[in-house]
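Protein chains: 4
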Amino acid sequence: MAGSTFGTIFKLTTFGESHGQAIGGIIEGCPAGLTIDLDFVQAELNRRRPGQNHLVTPRNEADQVQWLSGIKNGKTLGTPIGFLVFNTDQKPADYALNRSIYRPSHSDFVYEQKYQIRDENGGGRSSARETISRVVAGAIAQLLLKEWGIQIQAYTTQIGPYGLNAAPTPEPLWYPPASIEQSLVRCPDASVSHQMEQYIQDLQSKGDTTGGIITGLIQGVPAGLGEPVFDKLHADLGKAMLSINAVKGFEYGSGFKAATMLGSEHNDPFVISNNHITTSTNHSGGIQGGISNGSAIYFNVAFKPVSTIKLPQQSIDGLTNQVVEFTNTGRHDACVIPRAVPIVQAMAALVIADHYLRNKLVRL
Amino acid sequence: MAGSTFGTIFKLTTFGESHGQAIGGIIEGCPAGLTIDLDFVQAELNRRRPGQNHLVTPRNEADQVQWLSGIKNGKTLGTPIGFLVFNTDQKPADYALNRSIYRPSHSDFVYEQKYQIRDENGGGRSSARETISRVVAGAIAQLLLKEWGIQIQAYTTQIGPYGLNAAPTPEPLWYPPASIEQSLVRCPDASVSHQMEQYIQDLQSKGDTTGGIITGLIQGVPAGLGEPVFDKLHADLGKAMLSINAVKGFEYGSGFKAATMLGSEHNDPFVISNNHITTSTNHSGGIQGGISNGSAIYFNVAFKPVSTIKLPQQSIDGLTNQVVEFTNTGRHDACVIPRAVPIVQAMAALVIADHYLRNKLVRL
Amino acid sequence: MAGSTFGTIFKLTTFGESHGQAIGGIIEGCPAGLTIDLDFVQAELNRRRPGQNHLVTPRNEADQVQWLSGIKNGKTLGTPIGFLVFNTDQKPADYALNRSIYRPSHSDFVYEQKYQIRDENGGGRSSARETISRVVAGAIAQLLLKEWGIQIQAYTTQIGPYGLNAAPTPEPLWYPPASIEQSLVRCPDASVSHQMEQYIQDLQSKGDTTGGIITGLIQGVPAGLGEPVFDKLHADLGKAMLSINAVKGFEYGSGFKAATMLGSEHNDPFVISNNHITTSTNHSGGIQGGISNGSAIYFNVAFKPVSTIKLPQQSIDGLTNQVVEFTNTGRHDACVIPRAVPIVQAMAALVIADHYLRNKLVRL
Amino acid sequence: MAGSTFGTIFKLTTFGESHGQAIGGIIEGCPAGLTIDLDFVQAELNRRRPGQNHLVTPRNEADQVQWLSGIKNGKTLGTPIGFLVFNTDQKPADYALNRSIYRPSHSDFVYEQKYQIRDENGGGRSSARETISRVVAGAIAQLLLKEWGIQIQAYTTQIGPYGLNAAPTPEPLWYPPASIEQSLVRCPDASVSHQMEQYIQDLQSKGDTTGGIITGLIQGVPAGLGEPVFDKLHADLGKAMLSINAVKGFEYGSGFKAATMLGSEHNDPFVISNNHITTSTNHSGGIQGGISNGSAIYFNVAFKPVSTIKLPQQSIDGLTNQVVEFTNTGRHDACVIPRAVPIVQAMAALVIADHYLRNKLVRL
């Protein structure tokens, strides 16, 4: 019951602590016969990787996937896909200062409360390094979804005070992938991106950090995915996103705005377009009653600012139970949003792949 | 894989369509020896029930729980608790008009796409009547949590444009339960409640509907609940809430506001208070790295306006594939928020009870 | 984790104690659109029912299924199928004598050790009355399997010293169903059946009981069902059978006899017959490496003698911890085998239906 | 749903094909704070390893475990334990002959039917090499069980016609471990062991193979483990054993013999011994109604003869669909029993550890 497994049919189980030997996982339930583009998987991983550019943490981790099983001659065998990434750039010394101090809004304290063990170097299992496994599995899921005509996109829509107007009618725009990758913060609007970059650089020099919002879009999902009660499609998407480090909120379709809307403005009228039934607006976010309706699915994910700041903070030393003042010196991001974009995409892919497979069994 | 089960150890499986024979469920994993206050369970169910007052739907459903197993002499046996509520007030005629029209933002269309069957009367399995089972199981979970000193509260903080300032420092207020129950909309501030009531009455007369927000609070949770990776405590709370009918968003602690905050203002400094370690602010919402830290847990749940409005709407007739105009005549709420309060509470209880039990096994 | 759920996709969860209100369950994952022959389900239940004839316990329990959800106009909706059977013929007085005496080889003692509660009347959750739910769900599974051309048969092959030669080449015979039902002990060979009947009658008059063996056969299973590692098809069949009350052993194909065989005699040579690949012998029992090979699947299930005998026995009184002598007076079977035949069939159907659905997802 | 996960709380997920990169797994749910004796784990693995002595296959695979996560300073962290063993001694050439011939009673044919892919070299995922992961996880489970005073033993009781009288009263003997390890076939009776060794050597020279039986014993299990319905303790033990390669049958306690016994001889009378309640006989095999009763648990596991024989066999060539005659040349065991002993022990440990943890949650 340790909570390291995600999914019911297309299923990922992960292991690994940052600063341990390796990070990795097992993917169960991927159908046999899928061609795996290993370069695509590695490319997704590179998007998540530290040290990509001057805006993210300079820890330069190679993060090369090693494939252990389940793939042969470039195709899935139908058996579990085992994979790992060895941890190479471990510098526990960087964290020496913190050893017994509970870092504010980090998981040191709760981790110690839960397991009665303190894993001194970095965040152990709670480290965002664990998301490597998600990106690998999510990339495989995206290759599978491509076979079924489904595509996923994620991009940055808010960093601190700077936001992209993310909700044109009837739903957020699907951008050319290059416009996202050209931006150091993965915001497809160049001028907003520029403001965000400046803001992050500014915070870096001050030793402070910022939160932000990532928007996800899914195109090509057929009507019918999702289960009517607990495993509503958006409930599983929400859990997927909330399980990503630093996430504080999830909304889909009209989201929190729905709270102040009238039924008469919120309802999406059914219309016929190109000979098939669709809706003229998309407040539903492509999901009605927990089941996809064939329109684009979209959602927002809110991230808190990184907890590790390079400003003096007050806390408690767990050994002495005394109040102490300290300042972090480790290498950290001033904003995780750019590196979190591929993680959001990966988690969305895991959910949709799982539900696509589940949905194959609902009719005789 | 039909998604009608929630939880891993304290586990609820539900069955039942509105307008079928009965609604009910099986609770597995409730420890033996728990005294069940059957009146409390029924009282929670009555809070969810239609026909409570003039603001909610006049369908008067008795909703009396029948206990089938697992309880003897007022105590749990440790065996599965089977229960049901027979459907008594079925008036399919009320829905006659809609039979082949896809009601906008309802699940008729997607349900038919998924199962290739149209359940003509009401929403079938997608009906909010299914939440009866959640409230019953959630009430049992609340009785269990009480044994461990944990209490849950939920109340209305937004209906349309009218909101309660839900975030005083360091977290939303814990109100006297009576102040919530005295309000017809379950908003503990009498003057805000009055505005909300007026607003709903106004919409009723117009045939329109509104959305809203419910805030949940959990007190007495020990540090250590939640798992570090996929089953983070807030991820399971998020999924629980998003699985409730009409929910569009979930945030905990600082929530979406975190996106625009600085790390230096968001971090919760550890302090010592009454000889134990706590934090002076609570942007974390009682959860760090997915694990409870001993502070109060709080979260917001956004609901969309009810889809059934009594105004003329345009849609498609599924038999003819023609555009039609129609007007609903059934009995429906103008706002589900007041009746959803006990459901939010119930789902929170299911999550916390499950994680409390899971956490008993993490140390030797 | 209470262990009341069986299956992964076609999934049964049960509730109910004998002498409680009702016995029942929820079937999840049955595809939508299956025509349900309610009479067949009831007929299967009648085969399990006490009081069928003079050889079985005279408790006359009607065991009428009440359908609560998931079926409409004779077809499955794709939603959970809830059902129950009310307990009507409860006579706790019959058991009065035993109230605090641990009945030898019954579960009174272990149940009390586990839950610290003694359910005084009958065996509570451990009673074979729980198998009602299995027979109901198994009947639905059999209707589903019929759609796919798969049929299951079970019959008695051993009662005490009297046995049917169950292993002709290449596998046990598939008998005309009537030849099984004509036998009071469900043994298709009339002369062996007669010996068995005499033996049971003889034991009834002496107050003693006997064990036996049931053989199961499954025809029409396509090659490919079962998973290569833990969920081998025969491993799931074995668990299914061993979960039936009073079962002590399970073997498939050559079974225990394989221990003394040579590889050169045990291997099943592949041959071509009617233009498709099959084997000339069937020591594999239709399963190789945990995966069905298209031949008939067959297995044996060993049952212990009923624990409730009407002869004086020695035991411990749980209240006084003293040795006591006692004699049972309740109504009980001298041999459960005849009534267990439909249960074996039901459990086999649950396993095959689940694996058939799982196997739909293994290839792109 | 690929069936590569075993257990519910103490949970093992495995990956790896023989002749692929590596074999390994993830153990979830092992409590934090357990001291791991890495030498014990390796020693268990060495007992399973090919090339131990002249009776087993001469493939000399080092099988060194690499630990990837979850253990630090010799103690478990509470996080998933990742581990692997690289495949070093891959000689696909040995199998060249067979490439398109379906080896009789092997899984080539069914594997190809299921996945529509033929993994040409060796058995892929169906190879017994997968059991490395079970032995590693089972060794960790045994270390955990030792903390709770529970010990497991397994030994050979039958090879071909040579058997050890395995059922003295009231249950099979617990032997000094050395007496098992001194025997090349892991049969604790030196004279029977000698006969078995001779028999295997004889078969080796003839190119034939034999089956056998392994008996398992578990001591120190407290009363109360196991769940009353589907997850009966012996049902989970049975599934565990039947999931091991080449197993054809499982029985516990009186087993198949129970079929011919009378209730009056089979019932285990409760008695008081050393001030606690036990039974004077143990036909129950330490389990009543699926729940441990505090007595020793014992069971038998039947294995078929190895399918790979070095005698001419007839089969079908999958490419041409023609009957062919062929003779195996690869390196294989004439009898798997000696190497399967630690696997039986490992699987028993996984079941008991899981149920011990589950049982911690059944009472308030």
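Chains as they are written, first to last, in my numbering: chain Y, 1 to 364; chain R, 1001 to 1364; chain X, 2001 to 2364; chain W, 3001 to 3364.
For each residue, glycine too, the CB sits at the ideal point set by N, CA and C.
Against chain R, the beta carbon of Ile-3026(W) has no neighbour under 9 angstroms; the closest one sits roughly 12 angstroms away. Out of Ile-2214(X), Thr-2157(X) and Val-2221(X), the CA that lies nearest to the CA of Leu-2145(X) is found in Val-2221(X).
When 9 angstroms is used as the limit between beta carbons, Leu-311(Y) is near these residues of chain R: Gly-1263 and Ser-1264, in chain order. Ranked by Cα distance from Tyr-199(Y), the options Gly-216(Y), Pro-176(Y) and Gly-163(Y) are led by Gly-163(Y). What Pro-2031(X) touches in chain Y, judged by beta-carbon distance under 9 angstroms, is Leu-361, Val-362, Arg-363 and Leu-364, going in chain order. Less than 8 angstroms divides the Cβ of Leu-3203(W) from the Cβ of Ala-3334(W). In the DSSP annotation of this structure, the continuous segment of the beta strand (DSSP E) that includes Tyr-298(Y) starts and ends at 297-303. Interface residue (Cβ-Cβ distance to chain Y less than 8 angstroms): Leu-1242(R) is classified as such. Taking a 10 Å sphere around the C-beta of Glu-2325(X), we find fewer than 16 other C-beta atoms and assign the residue as exposed.
Contiguous alpha helix (DSSP H) elements confined to the segment 1159-1223 of chain R occur at 1177-1181 and 1190-1206, taking only those with 4 or more residues. A Cβ-Cβ separation of about 20 angstroms leaves Ala-1178(R) out of contact with Val-1041(R) under the 8 angstroms criterion.
Within the model, the alpha-carbon separation for Lys-1257(R) versus Glu-1171(R) is close to 14 angstroms. Selection Arg-1049(R), Asp-1268(R), Trp-1148(R) and Ser-1273(R) evaluated against Pro-104(Y) yields Asp-1268(R) as nearest (Cα-Cα).
In the structure shown, Gln-3116(W) adopts coil according to DSSP, grouped into three states.
DSSP links Phe-3270(W) through a beta bridge to Thr-3279(W). In this structure, the straight-line span from the alpha carbon of Ala-3022(W) to that of Tyr-3298(W) is close to 34 angstroms. Going by beta carbons, Ser-315(Y) and Phe-1270(R) fall inside the 8 angstroms limit. DSSP lists Ile-3101(W) and Gln-3322(W) as the bridge partner or partners of Asp-3317(W). Separation of Ala-3141(W) and Leu-3045(W) (C-alpha to C-alpha, rounded to the nearest whole angstrom) is 14 angstroms. The contact set of Leu-357(Y) on chain X, defined by CB atoms closer than 7 angstroms, consists of Leu-2361 in chain order. As DSSP reads the structure, Phe-1109(R) sits in no beta bridge. Taking a C-beta distance under 8 angstroms as the contact criterion, Tyr-252(Y) and Ile-287(Y) qualify as a contact pair. According to the DSSP assignment, Lys-239(Y) belongs to the alpha helix (DSSP H) that extends over 233-242. Using a Cβ-Cβ cut-off of 7 angstroms, Gln-3113(W) is close to Ala-2223 and Gly-2224 of chain X, given in chain order. Around Tyr-1102(R), the beta-carbon contacts reaching into chain Y at under 9 angstroms are Phe-270 and Ile-277. For Ile-1009(R), the closest Cβ of chain W is nearer than 8 angstroms. Beta-bridge annotation (DSSP): Glu-3227(W) is not paired with any residue.
Below the 8 angstroms Cβ cutoff, chain Y contributes Val-362 and Arg-363 as neighbours of Gly-2078(X), in chain order.
Rounded to whole angstroms, the separation of the alpha carbons of Leu-2143(X) and Gly-2160(X) is 33 angstroms. Excluding its 5 nearest sequence neighbours in each direction, Arg-125(Y) has C-beta neighbours in its own chain below 6 angstroms: Glu-17, listed in chain order. For Glu-1017(R), no beta strand (DSSP E) run applies, since DSSP gives it neither H nor E. Residue contact check for Leu-1068(R) against chain W: no CB pair falls below 8 angstroms. Nearest C-alpha to Ile-3117(W) among Phe-3010(W), Val-3344(W) and Gly-3318(W): Gly-3318(W).
Per DSSP, reduced to three states, the secondary structure at Ser-1292(R) is strand.
If the five residues before and after Thr-2008(X) are omitted, its C-beta is found closer than 7 angstroms to the C-beta atoms of Asp-2354 and Arg-2358, all from its own chain and listed in chain order. Burial state of Ile-2272(X) is exposed, judged by a 10 Å Cβ sphere holding fewer than 16 other Cβ atoms.
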